[in-house]
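Visitor: Quick one: the structure is below, questions incoming.
Chains as they are written, first to last, in the numbering used here: chain A, 51 to 422; chain B, 21 to 77; chain C, 52 to 238; chain D, 46 to 593.
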């Protein structure tokens, strides 16, 4: 890390273009896994090779520019060919490239090490949140950016982890091999955590594999790196790595919470509590497309406020939220929102922004629509 | 034939003597050069792929 | 023909070759994927079971993931979500399809295999993914998947993930004929 | 500007045949129309060349204005000026316009002007087709720009338009985008056919292929690349069109299609496309450096071979844009190795330019300054390209600002600087006047400082973890972005100076002789400055001509 910084500082000093204000963050992070350290070393090796080649090549160039200028009385020579020299300067770069390819191949093979993993996590990209399924554990998380809109708009001071904070980070144990399966529910996303040197595209209909083993507990932040539409810049990835015991405790707690959540389905819900809950769900899940006031962004994202056709047809409204619309940006939420959340958000949409249907959708009815 | 292959290889390598080059352009048939060029490009693909297979091995 | 016309003719010929090549790229890609298992799609065709010795020294974990794409009021559930198998042994697992909609509809489960090279060594004898399914309103259907992992599954593969994503079946005549025309019936 | 000595190997005797064709030659040709119709219907390579160049400059300014909108939004963290959906339209349009509207037509304009002059041909082989290929472009780009005003906005899926974001999830205007791109593609294909027919058939008697200038050579190879890959682009956007409007599923997983197939097809076009934008630049620099070093180009034959080698290799490296899509290990290794191989012929070119400078007799007129900046800054872009070629490291670089820095280094101080160098170099031939040297130097230095301030910090932002195509960013990237934005505005507004230099040069200035630069030896410098409308109507006699 320090070597990298010194180097970056040197470079910045050479280019003389901007002041050095941060002690970190000029270079690729070394990271917290063996693979990320290997990648960092590789990056620095190639970088230094480029620096050396650059110094030699530009050295000769600038020497020629100063030494052989007409104003200094230079007279042009006649030569224009030299086979030996040409063969040499073709062969040397080739050998340098072979030398670069050898460690690169070794690192790449380590990245593709498919040996048995301790935990499997399925990562699904959605517009614009991440879903994490701990396979075989019955725990599912949805990870939304938690930076308040006011900070983005500039009406509130920006926090330390502006745009890089989420409500539910991916929690992983340290010193365990994790197999990450990546896929997408809509467009292509890419899941990237620089400190783990893992970047894998999440492609609809396909499952990609990558692996990691985190060495140190900590919170590691990254972002979606494949343009995925409007809020591509607002779907951060946060990984919280902890010791095994803590992780076990966390997992047990999550399982309990999931069970408790399922319990809420059976009882009768009132309008007030559904609207209250629905408003929160709407803000995290729906507002990015249908906008805060339900006005939408036509024609791609239709308005919900004053959408009479929708308000007249409760079944259609529920169908669209539960099952999505084929060939459009409207996703199916049957697998991503709980029955209570779906009931709440539909109730909210039907009783907000001047929509005054008075409809109350019961979670139990939704449950019946998505039961296996 | 061998001369053509040598010239195309030189082209792949990017180095050729002026004298040889003149000879090629004056005497050689373009078709032969293009054909050999495509074949050698294909050979290059095969070789690099074999190296990659071996390295992945 | 003037020399210019001759050159233009040759160039146009080259251009047409490239146009043809471009059209051929789509089926070529499918063929390439079937040979190399590149996109894990080769698992969508039935294959015969190969009887032979079962490699009891190895266990491979096979996981099943189901997802529902948008626009179809169906649920697809893997009734066995994870099995541990020996290479060479044939297994049967069951999946449940439910249509919660108020009308009959058609859907198709699109498979994906990870790691993709495992798709070359995965033999599906019967699978609901080979064809579309039609479900009446409210119907529930359990369908089997019978598969075998070939014994030549690479040593370094310890777990195989099979993902099925449920999509509404295209009922548009035009699109299916265009697909048949251009994709050579692949995928 | 020092007074110019007459060219060593003049061909004035061959000019006597077309002798009456002087600067005001077209006034004598009464069949020429006047007014706008004349420009609409012209079949003259010089006039069409000028049209291409003016169009390219206009697109450069429009695409540049979009870049400034982007840089303005990114000046500080937070969303101040524009909303994310408009930001995405700006990045997409900026890329499309710069690639298909500014850089490619710029090179085609130079080809139109200079290829006939450099090979001693009276015009392009297919003049009427030439007119048609040009006029497709303004129509295509008017259509493309008009999508910004359509409901749902213009294309917002990046210039690489990955499916399914550009199909299932695209705005309704995407069909027009596809249509516009088809037209631009047809224009490129027709232009390429014309260039090939011209170079292969209309060379003056006695000029063999290996006597041609590097500019003509690189354009010949570029034209073949265009013929090879433009059909692939046309195919891929046609498949998009079918997916969007006719319910097919080429790229739609729901119907059994494959979104990754889109990327394979796109980059099979896209990587050669990258070389289409840089090979003519190699040609320009290989013509300008020998002129101002007053020394023959070192390793002419290697330069030609290296260009051909780069062109062939460009078909074998496409998946290095896709290292993160989940390719099998063998594929990653294969594409890493082939990508590294490209560095060899590219290195040969840089070494040849530098050896041309070595023991030369160098002066630093504006075209030379731009050409030298090209060599240095393109090489820096080449270094970052080398780093990106390393697949494991690419997992960290991919789709970050490091990539943005890389391709802007090869395209702006690379391709764009080479076009500017060419304009300064050939303006005396086009207008009969030298461009204002003092203003040219100002333009050069402001551009060089601006471009580095703009793009160099992007390397650091990318390494620190900033993804590309985001409208807002975390606080640790703020300093880099502010520096980039300042550089962007400096670079952007410096280009107004460029326009001023060009306008000033067209209107007057120091008169240029036939051979405007004393080190220049190519054929175009044997015709008067400004070049009369019709040149080489009788082929020049090349028996005593000394080629490069």
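Glycine is no exception: its CB is placed at the ideal position from the N, C-alpha and C atoms.
#1: Report all residues from its chain with a CB closer than 7 Å to the CB of residue 52 of chain B; omit the five preceding and five following residues, and keep chain order.
#2: Between residue 183 of chain C and residue 158 of chain C, how many whole angstroms is the CB-CB distance? I'm expecting something under 8 Å.
#3: Could you give the first and the last residue of the continuous beta strand (DSSP E) run that contains residue 259 of chain A?
#4: If you check the beta carbons only, do residue 286 of chain D and residue 223 of chain D fall under 7 Å apart?
#5: Tell me, please, which residues DSSP counts as bridged to residue 150 of chain C.
#6: Just how far apart, CA to CA, sit residue 66 of chain D and residue 92 of chain D?
#7: To be precise: take each residue of the region 352-380 of chain A, compare its Cβ to all Cβ atoms of chain D, and keep it if any distance is under 8 Å. Which residues remain?
#8: Got a sec: which bits of the region 428-440 of chain D sit with their beta carbon under 7 Å from any beta carbon on chain A, in order along the chain?
#9: What first and last residue would you give for the alpha helix (DSSP H) that runs through residue 182 of chain A?
#10: In whole angstroms, give me the CA-to-CA distance for residue 373 of chain A and residue 216 of chain D.
#11: If I measure Cβ to Cβ from residue 354 of chain A and keep anything under 6 Å in the same chain, skipping five residues before and after, which residues do I get?
#12: For the putative contact between residue 482 of chain D and residue 411 of chain D, defined by C-beta atoms under 8 Å, what is the C-beta separation to the nearest angstrom?
#13: Taking the CB atoms as reference points, tell me whether residue 552 of chain D and residue 444 of chain D lie closer together than 7 Å.
#14: With DSSP run on the structure shown, which of helix, strand or coil describes residue 193 of chain C?
#15: For residue 88 of chain D versus residue 172 of chain D, is the C-beta distance shorter than 7 Å?
#16: Which residues in the same chain as residue 276 of chain A place their Cβ atom closer than 7 Å to its Cβ, once the five residues preceding and following it in sequence are excluded?
#17: Against residue 142 of chain B, what residues of chain A qualify as contacts under a CB-to-CB distance less than 7 Å, listed in chain order?
#18: Would the region 526-535 of chain D and the region 275-290 of chain A be scored as touching if the rule is three or more Cβ pairs under 8 Å?
#19: Quick one: is residue 60 of chain B near chain D, going by C-beta distance under 7 Å?
#20: Where DSSP assigns a beta bridge to residue 175 of chain A, which residues make up the other side?
#21: Can you tell me which residues form a DSSP beta bridge with residue 242 of chain A?
#22: Tell me whether residue 545 of chain D is buried or exposed, calling it buried when 16 or more other Cβ atoms sit within 10 Å of its Cβ.
#23: Using only the alpha-carbon positions, how far apart do residue 299 of chain A and residue 269 of chain A sit?
#24: Would you say residue 338 of chain A reaches chain C, if we count a Cβ-Cβ gap shorter than 7 Å as a contact?
#25: Restricting to Cα atoms, I'd like to know which of D:391, D:418, D:414, D:458 is closest to residue 431 of chain D.
#26: Taking residue 151 of chain A as the query, report the chain C residues whose CB atoms sit under 9 Å from its CB, ordered along the chain.
#27: Let me confirm a value: residue 56 of chain C is counted as buried when at least 16 other C-beta atoms fall within 10 Å, else exposed. Which label applies?
#28: Which chain D residues sit within Cβ distance under 7 Å of residue 74 of chain C?
#29: Residues in the same chain with beta-carbon distance under 8 Å from residue 380 of chain A, minus the five sequence neighbours each way, listed in chain order, please.
#30: Should residue 104 of chain D be labelled buried (16 or more other beta-carbon atoms within 10 Å of its own) or exposed?
#31: If I measure Cβ to Cβ from residue 415 of chain A and keep anything under 6 Å in the same chain, skipping five residues before and after, which residues do I get?
#32: Residues in its own chain within less than 6 Å of residue 73 of chain D by CB, not counting five upstream and five downstream?
#33: Could you pull the DSSP bridge partners for residue 142 of chain C from this structure?
#34: Taking 6 Å as the limit between beta carbons, can you name the residues of its chain near residue 382 of chain A, skipping five residues before and five after?
#35: Is the distance from the Cβ of residue 88 of chain A to the Cβ of residue 157 of chain A below 7 Å?
#36: Mapping DSSP to helix, strand and coil, what is residue 132 of chain A?
Guide: Taking the coordinates as given:
#1: Beyond the five residues adjoining it in sequence on each side, residue 52 of chain B comes within less than 7 Å, by CB distance, of 24 in the same chain, given in chain order.
#2: Right, their Cβ atoms sit about 7 Å apart.
#3: Unbroken beta strand (DSSP E) run through residue 259 of chain A: 258-263.
#4: yes
#5: C:125.
#6: Here residue 66 of chain D scores only 40 on pLDDT, less than 50, and its place in the model is too uncertain to base an answer on.
#7: For the region 352-380 of chain A, the residues whose beta carbon sits under 8 Å from a beta carbon of chain D are, in order, 376, 377, 378, 379.
#8: 428, 431, 432, 435, 436, 437, 438, 440
#9: Here residue 182 of chain A belongs to no alpha helix (DSSP H); instead the beta strand (DSSP E) covers 179-184.
#10: 22 Å
#11: 340, 344, 399
#12: 6 Å
#13: No, the Cβ-Cβ distance between residue 552 of chain D and residue 444 of chain D is not below 7 Å.
#14: DSSP places residue 193 of chain C in strand when its eight states are reduced to three.
#15: Taking 7 Å as the Cβ cut-off, residue 88 of chain D and residue 172 of chain D qualify as a contacting pair.
#16: 238, 239, 240, 251
#17: The structure shown does not extend to residue 142 of chain B, since chain B is modelled only from 21 to 77, so the question has no answer here.
#18: no
#19: no
#20: A:180, A:234
#21: A:249
#22: Of the residues assessed, residue 545 of chain D falls on the exposed side of the cut-off, its CB having fewer than 16 other CB atoms within 10 angstroms.
#23: 18 Å
#24: No, its Cβ sits nowhere closer than 7 Å to a Cβ of chain C.
#25: D:391
#26: None at all; the shortest Cβ gap to chain C is about 22 Å.
#27: exposed
#28: 280
#29: 370, 374
#30: buried
#31: none
#32: Its pLDDT being 43, under 50, residue 73 of chain D is placed unreliably by the model, and the measurement read from it follows with that caveat. Closer than 6 Å at the Cβ level, and outside the excluded window around residue 73 of chain D, lies no residue.
#33: C:198
#34: 373, 374
#35: yes
#36: In the structure shown, residue 132 of chain A sits in coil (DSSP, three-state: anything other than H, G, I, E or B).
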